[in-house]
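Each residue of the sequence shown is one higher than the last, beginning at 188 in my numbering. Here is the structure we will look at, set down as structure tokens.
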Amino acid sequence: MATRDWQKSSYSSTGNACLYTSTPDNATIRLRESDEADTILTVTPTALLDNGLAFKAVLIP
């Protein structure tokens, strides 16, 4: 995957702990960490939103 496809979405002052995102189309979102660039999580926008809402419900009852 080309470097230009990825956008840094978070910053960490502890070195390689940044999160990168890529949206190759409207149906998928790709996530990877800077220290494991070959490990890529691919999800749909709906699945990512559902998981975010589920985490929020657990963390903020």
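Where a beta carbon is used, it is the ideal one built from N, C-alpha and C, also for glycine. Note that the coordinates shown come from a computational prediction; the quantities given were computed from them, not determined experimentally.
For residue j and residue i, the rounded distance between their alpha carbons
i           : j           : result
residue 197 : residue 244 : 22 Å
residue 219 : residue 233 : 18 Å
residue 206 : residue 247 : 23 Å
Presumed contact (8 Å Cβ cut-off) between residue i and residue j, rounded CB distance
i           : j           : result
residue 214 : residue 231 : 6 Å
CB contact flag (residue i, residue j, <8 Å)
i           : j           : result
residue 216 : residue 235 : yes
*Segments of 3+ residues assigned as beta strand (DSSP E) that fall wholly inside the region 192-232*: 206-212, 215-220 and 223-230
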